[in-house]
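Residue numbers (my numbering), protein chains in the order written: chain A, 1 to 341; chain B, 1001 to 1341; chain C, 2001 to 2341; chain D, 3001 to 3341.
Number of protein chains: 4
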Amino acid sequence: MKAVRLHVYDNKPVIDDVPEPTAKGPLDVVVQIGGAGVCRTDLHIIEGQWAPKTGVTLPYTIGHENAGWVREVGPAVTNVAPGDAVILHPTPTCGLCRACRAGDDMHCENNSFPGIDTDGGMAEYLLTSARACVKLDPSTRPEDVAALADAGITAYHAVRKAVPLLYPGTVCVVAGAGGLGHIGIQCLTALTATTIVVVDKNPEALALAEQLGAHQTIVADGKHVDAVTELTNGNGAEVVLDFVAEQGAQQDGFAMTRRNGSHFIIGYGSNIDIPTIDIISTERNVIGNLVGTYNDLVELMVLAQAGKVTLHTKTYPLDSALDALDDLDNGRIRGRGILVP
Amino acid sequence: MKAVRLHVYDNKPVIDDVPEPTAKGPLDVVVQIGGAGVCRTDLHIIEGQWAPKTGVTLPYTIGHENAGWVREVGPAVTNVAPGDAVILHPTPTCGLCRACRAGDDMHCENNSFPGIDTDGGMAEYLLTSARACVKLDPSTRPEDVAALADAGITAYHAVRKAVPLLYPGTVCVVAGAGGLGHIGIQCLTALTATTIVVVDKNPEALALAEQLGAHQTIVADGKHVDAVTELTNGNGAEVVLDFVAEQGAQQDGFAMTRRNGSHFIIGYGSNIDIPTIDIISTERNVIGNLVGTYNDLVELMVLAQAGKVTLHTKTYPLDSALDALDDLDNGRIRGRGILVP
Amino acid sequence: MKAVRLHVYDNKPVIDDVPEPTAKGPLDVVVQIGGAGVCRTDLHIIEGQWAPKTGVTLPYTIGHENAGWVREVGPAVTNVAPGDAVILHPTPTCGLCRACRAGDDMHCENNSFPGIDTDGGMAEYLLTSARACVKLDPSTRPEDVAALADAGITAYHAVRKAVPLLYPGTVCVVAGAGGLGHIGIQCLTALTATTIVVVDKNPEALALAEQLGAHQTIVADGKHVDAVTELTNGNGAEVVLDFVAEQGAQQDGFAMTRRNGSHFIIGYGSNIDIPTIDIISTERNVIGNLVGTYNDLVELMVLAQAGKVTLHTKTYPLDSALDALDDLDNGRIRGRGILVP
Amino acid sequence: MKAVRLHVYDNKPVIDDVPEPTAKGPLDVVVQIGGAGVCRTDLHIIEGQWAPKTGVTLPYTIGHENAGWVREVGPAVTNVAPGDAVILHPTPTCGLCRACRAGDDMHCENNSFPGIDTDGGMAEYLLTSARACVKLDPSTRPEDVAALADAGITAYHAVRKAVPLLYPGTVCVVAGAGGLGHIGIQCLTALTATTIVVVDKNPEALALAEQLGAHQTIVADGKHVDAVTELTNGNGAEVVLDFVAEQGAQQDGFAMTRRNGSHFIIGYGSNIDIPTIDIISTERNVIGNLVGTYNDLVELMVLAQAGKVTLHTKTYPLDSALDALDDLDNGRIRGRGILVP
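Here you go:
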């Protein structure tokens, strides 16, 4: 089968021909990919930013945002069967460790992360596990929802953690209205009555944000921190959802947060550097966010099926994976790019 | 009356003779100081670290950790009367803003912070408000509990926020077993069944920590991060209570925190500088902490009266305030220094 | 001035001529009533159901849901001034007890409840306190929002407590779509993405519920518990907001709740009688709800000003108070009746 | 093998000879029983109180509180191996439903409850699943900890839910200091600084309660509600942990709860009957409690291994099961009875 594989860091991936995976373990599931999302993390992987964290052996297949149809299952699988349409939680988990027993899938002691530390879904088939499969309504096309498997769940997870802080009268800044941010805005609209202020460099992204429910949009032109401060009567926002968190945005994100507020780091790429006196004199928090739980993905699918979260996607054939990565890197995608094998 | 006043940043304070305060406003309360704690923040104030945040006009009286006896009250005061022994919440609040109406005293929109941004308690008398007064049992001597008014409440507040994270089987690192840390250890012992690991440069501080309930103590000798990692099977601690957060300790604090863990910043003085990829790939948090609420102080007094929190103090006459500050700066105080006018 | 006063339990109130109140205490505020809501609790007061709880001395003025304009203030009042339009939190509080210091206004140890245990607002003027006043936008007419002061805050408070239980995919039953329920539905729509199922005897109330965002409506015809069970695949609802809780509704409310679910009691009037084995074998909860906090009312006003909560009201002149009570008792009011002096 | 089986409701169980279970399914585990607790629920089962809830077919083996040694495992079991000492979570779960994915084992849609709705552990061997096994330290004897598998986990789960309500200065009433209650007291001592007030009919139980950390003990002699009211300055307790909840205790439990307090139902056997006006006018809650989660049991084992929870048990050979049930029914057991096959 065809697979988009990274051979050398800082070089473009290659579309190789590799053997199809098979379901050997009792809980193995082989999924025929219907849609594989293209994510900024793929760019970061290619740059080698994840290399010291994962130690993955090159070459391997990238693609960590996947949906498709079950084609083969191991002998102990009971929750899905060949033919089922599924969206995949990004990390197959063990189900037995403390974190799994607490529903905290991202912190499973034994999970894998296909597309990050093992072969992923920018391919015709993907090997995953029964515990990663969320069944889709048969009428749903995998390519239409694939971006919820990583961009969606990550945005949803961060919003859900922020909900208790976002009572009526609060302000939530969404920094970055791209692949994740445009979903985050919709999740905020569905789950809160907060005032949503979106900051992005790109006027088109801001126009989309407004359609999706943003109450205010601000061009990230260097004066945006002041603009947020003014808009909040000098206070800043109760929550900043920072979908960028690199190239200075991470410093702005903290600066836009009010006393007792929380800066949610979701994007990444640079260091955040804050005087501890600023943290304690205002009692502000910096909150890490990593993908989401299996139940987060199930809940997000409820929102999607109710039409409360809709994806703005641009599809590419698998053979055009490099174009898709290139378009993303150059800011030519509104919403999310999806490979359809 | 005598008062310890700062005239010039980076110079020693001076013991001046100034007029006694009087209760002019309806909720004003004048307290005769029975004990005023000496805190690392006083050193930071003298260094000018707080100057840009408070804009206080020099000279002014320092001392933000106070207990004593009510001497005069304004006409609308109903909760205390002259003669009552009281410990003082550090920030008199308005009682009417959103934060006050949520019990969140530290974020009152109109509070003052005597000793930080207005005249404090290193003096014979202090002007405060009815809303700051917590009545003491008549048998309690103010000098014996004064350190709970700031060191105590701050340690308690951080511990109370951490309690939900510290179920049996977890590890909590206490970084710094000084004035605040030695109270934090006792609060952890009273409110949780977590394993308490204390890190400090000073072997005497560690010996005290063990007496107070620490399960493990580690000398902060440069290998302490490795020691914590090893002790936690390579994982790190669910919570790090960082009572130091300067001179590198803030970086170590984050490094000792496990996946999904939280680094509580309580001390301060340097910058914390973390790659955002480290925050998101492990979903760790950096949590700000600022003093505590009025109810925190009331609860802490319950622990103190039950003998569950005892203070290690060293008393000085008011005239020896400079000696006390000097002893603190040079690590010659175990527990907390208290001025007794 | 005119005031609607109860002289004898189980007899109709009388419109008396009584002296106007004045602001004697430092925090007293006299409000000219612009709108006073008519509530089922007024009927329960007249029936004597509250007599053993309040011990109020008859005659007294009823009316616990009030908005209007400040006319006179005591010397220590700083947050409002004569002329301000205000909506009133129903219970003036002391601001100094544990509950007040935790933002938990309903459990103030020293509060009063005008209209319940002291003279209320079915009159031309009402005596209240600075701590009860929430300032209105000058363009808002008190009569248009008065019903938020008790019906609104009570519905909002219950919904806000339920929000953490109502993630996407859950079902919330609203039992009773009258004065409180029709606000509850709108709060659920604003703050959650739960599926809202409304149960009421009255088809007109159900029609209104649908307009306000109910996803399903069920006539309370004796088969409604079965209908909810069927609609939830035999499970019942995660949350039942029981705005009736009398005459059998309280038993149905519990019966419609699923394993690990919560039955919120908001209405009242009968006993709830449940086998403890049913409570423990399914781990269900019965949750009490009493009005709401000052901040709840502020948040609700945010929703109202954003058009997310709109009231369905029917106004009556003060002289027609008895007609209004009669209409309520006989189910002739959709939404809420408001007296406008 | 020998097994204690119930043939007819309201008749004594019989010690039968039945075939040993075998591990047929992939996740099956056969455990040789080292200790099986005797519980008031066994008496309730014999009385037929559970019959309409479980629909279990008679005869079957009772015993839902078990520990022992793994003897045989199915092919997909990875977490335990023959020879391992284990304590068993009472309900083997599916691991795939919403509740399991949230760590909420008791509400698994597909769980079984050996000893309640299928063959239990008052026998030489028990069939359970890998997901129910918590490995013990090899030095721990199963008979010494078996009572933690149901009495312990149930008490711990209720206490853990109550912890956020039990800040210093609060009062927690423990109603019933028997098999569950005596563990509950120790969990409260380990996890909170609340004032523990124990109510029981039996002076010996109260003496044990005092040894275990109770601050006050009250004989349940009909005046105990008044005694609690007086002791709490007329307020009642923030939390009542009702380990009895039958024969009037359930009414007393609610009566001893203060405004905004919570009555935790843990025992059962009678109806609770409360005016809804009492629930709403004080905003009190009735909280259901059912066993606990897998992680609860793991945490409780941490407390046990640290010596913070110790069991008071009385062992009987399996052949004396009827004596043990009889002793329990007649109040002749302090702590918990354990069958040792």
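Virtual Cβ for every residue (Gly too), placed ideally from N, Cα, C.
| Exposure label - B:Gln1211; buried when at least 16 CB within 10 Å | exposed
| Considering only residues of the same chain and omitting the five flanking positions on each side of C:Pro2021, which have a CB-CB separation below 8 Å? | Val2030, Asp2119, Tyr2125, Leu2126, Leu2127
| query | Which residue spans inside the region 3108-3190 of chain D form an unbroken alpha helix (DSSP H) run of at least 4? | reply | 3142-3145, 3151-3162
| said: Quick check on C:Lys2161: buried or exposed, where buried means 16 or more other Cβ atoms within 10 Å of its Cβ? | reply: buried
| said: Can you pull the chain B neighbours of C:Asn2079, defined as C-beta to C-beta under 7 Å? | reply: Leu1096
| message | Beta carbons nearer than 9 Å to chain B: which residues of the region 2284-2310 of chain C have them? | response | Thr2293, Tyr2294, Asn2295, Val2298
| query | Which parts of the region 187-240 of chain A are runs of the beta strand (DSSP E), unbroken and 3 residues or longer, counting only runs that do not cross its ends? | reply | 195-200, 216-219
| Should A:Arg160 be flagged as near chain D, meaning a C-beta pair shorter than 7 Å? | no
| request: Determine the extent of the alpha helix (DSSP H) in which A:Asp327 is found, giving its start and end residues. | output: 321-329
| message | Under DSSP, the beta strand (DSSP E) around A:Phe243 begins and ends at which residues? | response | From DSSP, A:Phe243 is part of no beta strand (DSSP E); its letter is neither H nor E.
| said: Taking 7 Å as the threshold (C-beta atoms), are D:Asp3242 and D:Ile3265 in contact? | reply: Here D:Ile3265 is near D:Asp3242, since their CB atoms are less than 7 Å apart.
| query | chain A beta carbons: is any one of them nearer than 7 Å to that of D:Pro3082? | reply | no
| For the 8 Å Cβ check, are there 3 or more pairs between the region 2184-2203 of chain C and the region 2129-2137 of chain C? | no
| said: If the cut-off is 9 Å on Cβ atoms, which residues from the region 122-150 of chain A count as contacting chain C, listed in chain order? | reply: none
| Quick one: Cα of C:Ala2085 to Cα of C:Pro2138, how far? | Taking the straight line from one Cα to the other gives about 6 Å.
| said: With a threshold of 7 Å between beta carbons, is C:Pro2164 in contact with chain B? | reply: no
| query | Does any CB atom of chain D fall closer than 7 Å to the CB of C:Asn1963? | reply | Coverage of chain C is limited to positions 2001 through 2341, which leaves residue 1963 of chain C absent and any answer about it impossible.
| query | Using 8 Å as the Cβ pair cut-off and three pairs as the minimum, do the region 3284-3295 of chain D and the region 3245-3263 of chain D touch? | reply | yes
| field | Chain-ordered chain D contacts of B:Gly1152 [CB-CB under 7 Å] | value | Per Cβ cutoff of 7 Å: no residues; B:Gly1152 is ~12 Å from chain D at best.
| Taking Cβ positions, are B:Ile1087 and B:Val1145 nearer each other than 7 Å? | yes
| request: Using a Cβ-Cβ cut-off of less than 8 Å, give me the residues of the region 1245-1269 of chain B that come near chain A, in sequence order. | output: Ala1245, Glu1246, Gln1250, Arg1259, Asn1260, Ile1265, Ile1266, Gly1267, Tyr1268, Gly1269
| request: Drop a sphere of 10 angstroms on the beta-carbon of C:Thr2293, count the other beta-carbons inside from all chains shown, and report buried for 16 or more, exposed for fewer. | output: buried
| At least 3 beta-carbon pairs within less than 8 Å: the region 3155-3173 of chain D vs the region 3062-3082 of chain D | no
| To which residues does DSSP link C:Tyr2316 through a beta bridge? | C:Leu2339, per the DSSP bridge assignment.
| query | Whose C-beta lies closer than 7 Å to the C-beta of D:Thr3140 among residues of the same chain, with five residues either side of it excluded? | reply | Ala3085
| Taking 7 Å as the CB-CB cut-off, is A:Tyr156 touching chain C? | A:Tyr156 does not count as touching chain C.
| So D:His3224 and D:Val3199 are in contact, right, with Cβ under 8 Å, and what is the actual spacing, rounded? | 5 Å
| query | Any idea which residues DSSP pairs C:Trp1943 with across the strands? | reply | There is no way to answer for residue 1943 of chain C, as the model of chain C reaches only from 2001 to 2341.
| Contact with chain A by D:Arg3336, beta-carbon distance below 7 Å | no
| field | Bounding residues of the beta strand (DSSP E) (the contiguous stretch that carries B:Val1003) | value | The residue asked about is misnamed: residue 1003 of chain B is Ala in this sequence, not Val. Taken as a continuous stretch (DSSP letters only), the beta strand (DSSP E) holding B:Ala1003 covers 1002-1006.
| message | Tell me the residue span of the beta strand (DSSP E) that contains D:Gly3288. | response | 3285-3288
| Nearest to B:Thr1310 (by Cα), restricted to the options B:Gly1181, B:Thr1041, B:Lys1012, B:His1157 | It is B:Gly1181 whose Cα lies nearest to the Cα of B:Thr1310.
| query | Does the distance from the CB of B:Val1340 to the CB of B:Thr1315 come in under 7 Å? | reply | yes
| said: Strictly below 8 Å CB to CB, what residues from chain A border C:Gly2213? | reply: Residues of chain A passing the Cβ test: none, with the nearest at roughly 13 Å.
| query | Just checking, does the region 2041-2053 of chain C make contact with the region 2093-2103 of chain C on the three C-beta pairs under 8 Å criterion? | reply | no
| Mind pulling the chain B residues with CB within less than 8 Å of A:His107? | Chain B residues near A:His107: Arg1259, Asn1260, Glu1283.
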